[in-house]
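Enquirer:
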Amino acid sequence: MTAPDPTTARVTEAVELGQTGRAAEARELFAQLWAELGPDGDPLHRVTVAHFMADLQEDPREELAWDLRALEAVDGVTDERAAAAGATGPVAAFYPSLHLNLGEDYRTLGDAEAARRHLELGRAAAGALPDDGYGQMIRGGLEGLAQRLGEAAP
Numbered sequence: 001m002t003a004p005d006p007t008t009a010r011v012t013e014a015v016e017l018g019q020t021g022r023a024a025e026a027r028e029l030f031a032q033l034w035a036e037l038g039p040d041g042d043p044l045h046r047v048t049v050a051h052f053m054a055d056l057q058e059d060p061r062e063e064l065a066w067d068l069r070a071l072e073a074v075d076g077v078t079d080e081r082a083a084a085a086g087a088t089g090p091v092a093a094f095y096p097s098l099h100l101n102l103g104e105d106y107r108t109l110g111d112a113e114a115a116r117r118h119l120e121l122g123r124a125a126a127g128a129l130p131d132d133g134y135g136q137m138i139r140g141g142l143e144g145l146a147q148r149l150g151e152a153a154p
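Numbered by full-length UniProt numbering, the letters in the sequence shown go through residues 1 to 154 in order.
So, in structure tokens, the structure goes:
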């Protein structure tokens with residue numbers, strides 16, 4: 001097994017900081033990584049940094065901004081690049097989670113129309129999810145979002 005690249009190692013460090021209650025330090029490290037990656041950095045690293053940075057935000061508008069960055073970045077990730085990094089499925093399987101997060105962001109901010117749009121995009125992409133615990137979690141999250149938006153299951 002090869003060692004993770006330096007960026008992945010730093011992402012892991014930032015995630016661990018966040019998980020141990022050191023959110024400010026995690027945000028600082030993610031901000032450094034984001035600046036170093038720049039707009040032309042590896043899209044997989046960009047989506048990963050933005051995705052985890054969103055989860056650390058206290059302001060829901062900032063969480064939305066980071067989740068939008070993650071969605072924008074994922075469009076540049078190839079299946080080959082994801083597989084090389086250890087992903088077990090296609091990049092298409094990233095979209096349901098990203099849309100779930102955006103749907104929750106918009107719901108929190110009171111924009112039910114945008115939340116429903118991302119709910120539908122997440123549901124439409126859910127066929128790419130694996131049939132495992134992760135896939136079940138994301139599908140369940142989408143259905144939970146639907147309930148919070150007052151929608152029936154499809």
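We treat Cβ as the ideally placed atom computed from N, Cα and C, and that holds for glycine.
With three or more C-beta pairs closer than 8 Å as the rule, is the region 104 to 117 touching the region 79 to 95?
Expert: Touching, no, given that fewer than three Cβ pairs across the two stretches are closer than 8 Å.
Enquirer: Does DSSP put glycine 86 in a helix, a strand or coil?
Expert: Of the three classes helix, strand and coil, the one that applies to glycine 86 here is coil, per DSSP.
Enquirer: So alanine 92 and leucine 56 are in contact, right, with Cβ under 8 Å, and what is the actual spacing, rounded?
Expert: Actually they are not in contact, since the Cβ atoms of alanine 92 and leucine 56 sit about 26 Å apart, beyond 8 Å.
Enquirer: In angstroms with no decimal places, state the Cα-to-Cα distance between glutamate 62 and leucine 71.
Expert: Near 14 Å, if we compare the C-alpha coordinates of leucine 71 and glutamate 62.
Enquirer: Candidates Leu149, Glu13 and Tyr134: which alpha carbon is nearest aspartate 111's?
Expert: Aspartate 111 has its Cα closest to that of Leu149, out of Leu149, Glu13 and Tyr134.
Enquirer: Flag this pair as yes or no: are the beta carbons of alanine 82 and leucine 44 separated by less than 8 Å?
Expert: Cβ atoms of alanine 82 and leucine 44: closer than 8 Å.
Enquirer: Which class does glutamine 19 belong to by DSSP, given the choice of helix, strand or coil?
Expert: Looking at glutamine 19 - three-state DSSP - the assignment turns out to be helix.
Enquirer: Taking 8 Å as the cut-off, decide whether the C-beta atoms of phenylalanine 52 and alanine 23 are in contact.
Expert: The answer is no: Cβ separation not under 8 Å.
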